[in-house]
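Take a look at the structure below.
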Amino acid sequence: MLSILPKKILYWYDNNKRILPWRINTSKNKKEYYVLVSEFMLQQTQVKTVIPYFLKFVTKIPDLKALSKCKEKKVLKLWEGLGYYKRAKNLHKTATILVKNYNSKLPKKIEKIIKLPGVGEYTASALSALIHNKECIPIDGNVKRVFSRLFLTDVNIQNFDTEIKKIINKLPKVDRNADLAEALMEFGAVVCKPQNPLCKICHLQKYCKFFNGKNYISLNKKFSIKEKKINIYCYLNKYKKEIALTKNKNLSFLNNFKMPEIQMVVANNNLKKKGWHYLCSYKNNISNIKMNIDLFYKFTKNIPKKFNWYSVDRSSQEFIPSFTKKIFKKIAKVYN
Ligand code: SF4
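In the working numbering, the protein residues as written are 75 to 410.
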């Protein structure tokens with residue numbers, strides 16, 4: 075099966091690939107820029123969420139040189155709502171390095187690509203495959219799922235990632251490395267989906283251990299969406315209409331962005347603190363994390379040292395993540 079997999083997957087891709095804005099036919103330089111921007115945006119985020127942000131981004135900042143000259147504030151503003159803002163900062167830094175040190179091109183050697191800000195093993199492989207057609211499959215959740223279902227079925231084995239890599243390394247060589255990398259990721263996203271894979275119409279079903287072993291339950295468990303329960307505590311200045319914010323350290327995807335106090339709620343542990351008023355509960359979904367939030371507030375003039383007062387009405391003038399903007403909207407009700 076391994077020997078015919080690239081051919082089968084490429085055949086499927088040629089006939090079914092989605093039309094995505096970063097895949098359009100354009101000049102080599104533009105293509106490189108589009109792949110770079112889209113790969114940063116696609117880290118932790120689904121394609122359909124990324125598309126409108128990508129289009130807005132490349133319209134306002136059309137090429138690598140323009141991005142390198144841009145103020146970070148503008149990049150963050152265009153990223154607003156997409157989350158995981160460190161990606162925007164890293165993309166900006168990467169563009170500056172590429173223009174300054176590499177004549178506005180992505181280096182050929184993967185050891186150099188991996189040293190760029192915000193580029194880990196996965197993104198380095200993706201950039202290398204998609205831009206330089208190098209023989210390296212970026213192993214994201216989609217690719218892991220496809221290979222584990224086809225060849226392993228048991229995701230609970232020790233060294234799961236190593237086993238998947240071993241299988242991928244045995245794939246026969248092809249000329250179309252860029253297309254193969256895209257095809258495998260796309261196949262995982264569109265056909266071999268985490269929940270309800272389209273096995274009935276899948277042209278690989280006769281080779282697939284997962285399909286033939288009817289082993290759906292354990293796999294779905296492994297790739298399911300994570301749920302988190304969090305409490306948010308807002309210190310409020312009643313008379314100045316201010317909210318106290320600090321640099322967030324608890325939610326990794328919003329690292330260092332300003333927000334109120336956040337506590338992750340451990341199961342069966344009631345963390346509701348004394349003297350706080352309950353305001354409301356709501357959900358906020360970011361990428362594959364579903365957050366169930368309880369919001370509390372307290373009027374006070376004394377705030378912990380690391381906090382600063384922040385006018386609720388100034389929220390639209392400054393860059394704050396949409397996660398915090400939602401909190402502002404809810405808190406506004408307290409003042410009405
Ligand atoms: S048969 Fe189902 S599980 Fe197997 S590769 Fe196809 S979609 Fe994935």
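Where a beta carbon is used, it is the ideal one built from N, C-alpha and C, also for glycine.
Proximity of the stretch 305 to 321 to the stretch 366 to 375 meets the contact definition, three or more beta-carbon pairs being nearer than 8 Å. In summary, Ile-317 is buried, with 16 or more beta-carbon neighbours lying within 10 Å of its beta-carbon over all protein chains present. Taking the Cβ of Pro-181 as the reference point, every heavy atom of the ligand SF4 lies at 6 Å or farther away. Under DSSP, the beta-bridge partners assigned to Met-365 are Lys-302, Asn-358.
Look at Glu-316 here: in three-state DSSP terms it is strand.
Remark: C-beta atoms of Asn-216 and Asn-251 do not approach each other more closely than 7 Å. Beyond the five residues adjoining it in sequence on each side, Val-149 comes within less than 8 Å, by CB distance, of Ile-135, Leu-141, Ala-162, Lys-163, Leu-165, His-166 in the same chain, given in chain order. Distance from the CA atom of Glu-185 to the CA atom of Asn-330, rounded to whole angstroms, is 28 Å. When the five nearest sequence neighbours on each side are left out, the beta carbons in the same chain lying within less than 6 Å of the beta carbon of Leu-156 are those of Tyr-127, in order along the chain.
Between Leu-254 and Leu-110 the beta-carbon gap is near 20 Å, outside 8 Å, which marks them as no contact. Annotation: Leu-76 to Tyr-158 spans about 36 Å, alpha carbon to alpha carbon. In the three-state reduction of the DSSP assignment, Phe-331 falls in the coil class. According to the DSSP secondary-structure assignment, Met-338 is paired through a beta bridge with Ile-304.
Distance check between Ser-355 and each of Phe-370, Ser-112, Gly-349 places Phe-370 closest, using alpha-carbon atoms only.
The beta carbon of Lys-315 is closer than 7 Å to those of Ser-385, Val-386, Asp-387, Tyr-409 in its chain, skipping five residues each way along the sequence. In the DSSP assignment, Ser-178 falls outside any beta strand (DSSP E) and carries neither an H nor an E.
Counted as a single uninterrupted DSSP element, the beta strand (DSSP E) harbouring Asn-382 occupies residues 382 to 385. Note on Asn-270: under 16 other CB atoms within 10 angstroms of its CB, so exposed under the neighbour-count rule. At least one heavy atom of the ligand SF4 is found less than 6 Å from the C-beta of Arg-223. Within the DSSP bridge table, the entry for His-351 names Tyr-371 as partners. Relative to the ligand SF4, the beta carbon of Val-339 is positioned no closer than 6 Å to any heavy atom.
For Tyr-196, the uninterrupted alpha helix (DSSP H) segment begins and ends at 195 to 206.
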